[in-house]
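To convert, note that position 106 of the sequence shown is 106 in full-length UniProt numbering; the numbers rise steadily by one, no gaps.
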Amino acid sequence: MSEIALGAGRWFMGGALLRALRQEWMLVTLAVLAGLALASPELREKAAGALADAYLEVSTFVALTLAIFYGLERWAGIDLAQVLGRHRAWQVPIAAILGATPGCGAEILLVTQYTRGVVSFGAIVAALTATMGDSAFLLIAKDPPAAAIVIGLCTLAGIAAGYAVNLLHPDGLGVLKREIAANLGCGAPAGADERPSRARRLAEAGWLLVLIPGLAIAILEGILQLDVNAWFGAYAEHEPTKVLGLAGGLLAIAMFITRRDPAKGYGGIDPRVTMALPPVRRMIVDTNFVTFWVVLGLFGYEIVAHATGGGVGPWLQASEILLPLTATLIGLIPGCGVMVLVTTLYLQHGIPLAALISAAISTDGDALFPAIALAPRAAVLATLYTAVPALVAGYGWYFVMG
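Laid out in structure tokens, this is it:
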């Protein structure tokens, strides 16, 4: 046991983290945002909540989705890349249906397939248009008829947008593919990750031990809308679910920034490398990557909302005729948190269904964060394209249905 502890200390303190801090701008960005978050008690509380929410509401479902797909690929012989490659004409509707499933795991998986050249750019636009992110869980639980309408319209809008984008870009966006190739590294090795150390294997075991109760809490609170903290009696005031979320989020970030990718170095990820990993390790690596970028985005949003004094709520106080437009613009903000807020406002009768439809179609959820990391220009262009069907559907519903 002492040898494992010493190995863990050498892994964490033996220069990997320091080299990462010197080499990776994103770590400096995270440190700056964390420092700003700790500057005031209010921001500190919001930052802790954002980290816990990112793990319990995003990372757990991403891990579950990736585990299912990677497990099917390895043990059932069902390769999503081969299926999508054989049925290129059906990529757009398949992507839209996958995107319409609650959560962001399917979209993140499709973004990874896009970076490998498996799916078209139109398929990515279809998935990002169809998704409502984590807010779908809330809407399904609280208002199933509205959820059926919104998710159905999102799926149809995704299919239409995906085919339209493929017609607009029959060349497959060659310039964006070159951008992806440059980001991944032209001469990157395509083999498996280096053999993990004992400390790394110990961290992975701890990661899985935290994931199991974390996923249970995510289902109970996020889908079934139960108050799990209340089950802890006298300890409920300490918010044990939040503590678990903080532990899982911190562990995921620590493992991400201290892992050395053979192609990208510390704090990097190359899909051509991770696809050769065993399914469980591949799930951990990809989930940690998503967790880092989601936390980075949520930290930034909380700081901006604190500085401006209110987030997106006041934006939705516009005149009724402008609500679909305002909701579309709000939906373009990366992350699922904003969409959850918009959904909550609808459930409280604060905005009409037309505004919710616009926001749901334009939002890209948490899938946009890793997409920006892998292919910034493709990600920005894709999210701008989602605004077009969002405006059409939102105003169409407003004028036809009222």
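Where is the CB? At the ideal position from N, CA and C, for every residue including glycine.
Checklist entry - G214 and Y55 look like a contact to me (Cβ under 8 Å); what is the Cβ gap, rounded to whole Å? => result 6 Å
Checklist entry - Considering only residues of the same chain and omitting the five flanking positions on each side of I223, which have a CB-CB separation below 6 Å? => result F137
Checklist entry - Candidates A47, F232, F121 and T241: which alpha carbon is nearest E221's? => result T241
Item to check | Nearest residue (CA-CA) to A367, options T129, T60, E73 and E107 | outcome: E107
Checklist entry - Taking the continuous alpha helix (DSSP H) assigned at W231, which residues delimit it? => result Taken as a continuous stretch (DSSP letters only), W231 belongs to no alpha helix (DSSP H), as it is neither H nor E.
Item to check | Inter-residue CB distance, I361 and A390 (contact presumed, cutoff 8 Å) | outcome: 4 Å
Checklist entry - Which residue's Cα is closest to the Cα of A146: G103, N288, L356 and L64? => result L356
Checklist entry - Going by DSSP, what residues sit across from G103 in a beta bridge? => result G133
Item to check | Assumed close pair A359, A382 - CB separation to whole angstroms, cut-off 8 Å | outcome: The pair is not a contact, with the Cβ atoms about 17 Å apart (cut-off 8 Å).
Checklist entry - How would you label G187, buried or exposed, when you count the other beta carbons within 10 angstroms and need 16 or more for buried? => result Any reading at G187 needs caution, since the residue's pLDDT is 44, under 50, leaving its predicted position unreliable; the model's value is listed next. With fewer than 16 other Cβ atoms within 10 Å, it is exposed.
Next on the checklist: On the DSSP letters alone, give me the boundaries of the alpha helix (DSSP H) that R389 sits inside.
Outcome noted: For clarity, residue 389 is Pro in the given sequence; the question names Arg instead. Per DSSP, P389 belongs to the alpha helix (DSSP H) from A387 to M401.
Next on the checklist: In whole angstroms, give me the CA-to-CA distance for I140 and L384.
Outcome noted: 27 Å
Checklist entry - Would you say I351 and V342 are within 9 Å of each other, going by their C-beta atoms? => result yes
Item to check | Nearest candidate by alpha-carbon position, reference T131, set V150, L167, T60 and I321 | outcome: V150
Item to check | Cβ distance (whole Å) where G103 is taken to contact D53 below 8 Å | outcome: Wrong, their Cβ atoms sit about 14 Å apart, outside the cutoff.
Checklist entry - If you follow the alpha helix (DSSP H) that residue 473 is part of, which residue opens it and which one closes it? => result Residue 473 lies beyond the residue range present for the chain, which begins at 1 and ends at 402; the question has no answer from this structure.
Next on the checklist: As a quick exercise: from K142, E73, A236 and P170, pick the residue whose alpha carbon is nearest that of L347.
Outcome noted: K142
Checklist entry - Assuming T291 and A254 make a contact with CB atoms under 8 Å, what is their CB distance in whole Å? => result Their Cβ separation, rounded to whole angstroms, is 11 Å, which puts T291 and A254 out of contact at 8 Å.
Checklist entry - How would you label C364, buried or exposed, when you count the other beta carbons within 10 angstroms and need 16 or more for buried? => result Position check: residue 364 holds Asp in this sequence, whereas Cys was assumed. So D364 ends up on the buried side.
Item to check | Segment limits, alpha helix (DSSP H) that includes E42 | outcome: P41 to D53
Item to check | Opening and closing residue of the alpha helix (DSSP H) in which I149 lies | outcome: P144 to L168
Next on the checklist: Let me make sure I understand the geometry here. Which of M401, V285 and T386 has the alpha-carbon closest to that of A203?
Outcome noted: V285
Next on the checklist: Can you tell me where the alpha helix (DSSP H) holding P240 begins and where it ends?
Outcome noted: P240 to T258
Checklist entry - Closest to F399 by CA distance: which of L322, A387, R377 and H349 is it? => result L322
Checklist entry - Going straight from the alpha carbon of M283 to that of L43, what length do you get? => result 31 Å
Checklist entry - Can you tell me whether DSSP reads V290 as helix, strand or coil? => result helix
Checklist entry - Any Cβ of chain C within less than 9 Å of the Cβ of L128? => result Although the question refers to chain C, the structure presented lacks it and comprises just one protein chain.
Item to check | Residue from I124, V62 and E45 whose Cα sits closest to the Cα of V371 | outcome: For the sequence presented, residue 371 should be read as Ala rather than Val. If we check each option's Cα against that of A371, I124 comes out closest.
Checklist entry - Whose C-alpha, out of I303, P144 and I217, is nearest the C-alpha of V228? => result I217
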